[in-house]
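In the working numbering, the protein residues as written are 52 to 175.
All residues carry an ideal CB built from backbone N, CA and C; glycine is no exception.
Structure, as C-alpha cells:
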C-alpha cells in the first residue's frame, strides 16, 4: 500500500473562528467523504473524523473502500466492518497479509476507533 496525502483546498475555507462551512460543489474521494458533506455540502471537523475512520478501516482490512463489495450483498467496506463487529468476528476483519504479526487486542482497538469515527449517531 502506498500512502498518499491529499488536500482538496478545504483548509483554506476555514478561519480560526469558524467550525463549519458550505461549499458550492462537492470535491473529494467517494467512500471517504462524510454523508453530511456528500449530500448537503456542509463540512466541518466531523468530516475529517469520518475520513480518518474510513482510512483506519481500509488499513486494517487491506481492502479498498471504493470498489469493495461483500459477495452478492451490496455492502460497503464500512458496512462490512460493522457487520463483522456486531457478529463478534472482529479479528476476521484484519488483513490476512498481516498473518500472525499483530496483537489481536490492538488490532481490535484500531478497528473500534475506525468504526467510532464513521458511526451514524455519535450517541450510539
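- Assignment of residue 112 by DSSP, reduced to helix, strand and coil, places it in the helix class.
- The Cβ atoms of residue 132 and residue 108 sit closer than 8 Å to each other.
- Counting the other Cβ atoms within 10 Å of the Cβ of residue 102 gives 16 or more, which makes it buried.
- Straight across, the Cα-Cα distance linking residue 167 with residue 152 is about 25 Å.
- Each of 139, 146 and 171 was checked against the Cα of residue 115, and the nearest Cα belongs to 146.
- For residue 146, the secondary structure class from DSSP, reduced to helix, strand or coil, is coil.
- In this chain, the alpha helix (DSSP H) harbouring residue 137 covers 128 to 137.
- If you ignore the 5 residues before and after residue 158, its C-beta comes within less than 6 Å of the C-beta of 145, all in its own chain and listed in chain order.
- Between the beta-carbon of residue 141 and that of residue 110 there is about 15 Å, and that puts the pair past the 8 Å contact cut.
- Secondary structure at residue 152: coil, using DSSP grouped into helix, strand and coil.
- Between the beta-carbon of residue 113 and that of residue 165 there is about 13 Å, and that puts the pair past the 8 Å contact cut.
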